[in-house]
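Residue numbers (the numbering used here): 3 to 152.
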């Protein structure tokens, strides 16, 4: 597979998967009725941020794939995508913020593990995950706050 096609596939999987899961697990009346912390951003912020992050995640995934299909880094990348895609169905779909909190804590650990794994071998891929780590860290605190308040 060519480099360009590899990038397109990985971006399509991460962005497309995120958009598909997001549109099938929209915040509804249940979410609107929850007590939320003062630092909860407006709903319109999440779509653009996640779209940018999914593109960065896809680029890092493609770079990792091209450096070793069966590497530990590729396994971490794939597993973090699973946990990323599980969060919305648990939080919004099943209305289970405590279960979603467990999922996002594991996700944050995997994102950090990916950064640590790639830091020496592919600093750009690690750097592409830094905004993702910051956002997932923030989302973890937000999720924990919502679980606590409700």
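Yeah, the Cβ is synthetic: ideal placement off N, Cα and C, and Gly gets one too.
TODO: Could you tell me whether the stretch 96 to 112 touches the stretch 135 to 144, using the rule of 3 or more Cβ pairs below 8 angstroms?
DONE: Look at the beta carbons and you see the stretch 96 to 112 touching the stretch 135 to 144: at least three pairs across the two are nearer than 8 angstroms.
- [ ] Count the C-beta pairs between the stretch 40 to 54 and the stretch 75 to 84 that are closer than 8 angstroms, then say yes if the count reaches three, no if not.
- [x] Taking 8 angstroms as the limit for Cβ pairs, the verdict is that the stretch 75 to 84 does not touch the stretch 40 to 54.
Open item on the list: Under 8 angstroms: do the stretch 94 to 109 and the stretch 58 to 74 share three or more Cβ pairs, one atom per stretch?
Closed with: Contact check between the stretch 94 to 109 and the stretch 58 to 74: fewer than three CB pairs, one atom from each, fall below 8 angstroms, which does not count as touching.
Open item on the list: Do residue 87 and residue 101 count as a contact pair if the criterion is CB distance below 8 angstroms?
Closed with: No, the Cβ-Cβ distance between residue 101 and residue 87 is not below 8 angstroms.
- [ ] Evaluate residue 3 with the Cβ neighbour count: other Cβ atoms within 10 Å of its Cβ, from every protein chain shown; 16 or more gives buried, anything less gives exposed.
- [x] Flag for residue 3 reads exposed.
Task: Local Cβ density within 10 Å of residue 26, reported as buried at 16 or more and exposed below that - done: A residue is called buried once 16 or more other Cβ atoms fall within 10 Å of its Cβ, and residue 26, having fewer, is exposed.
Task: Contact check, residue 144 vs residue 39, beta carbons under 8 angstroms - done: Yes, Cβ-Cβ distance for residue 144 and residue 39 is below 8 angstroms.
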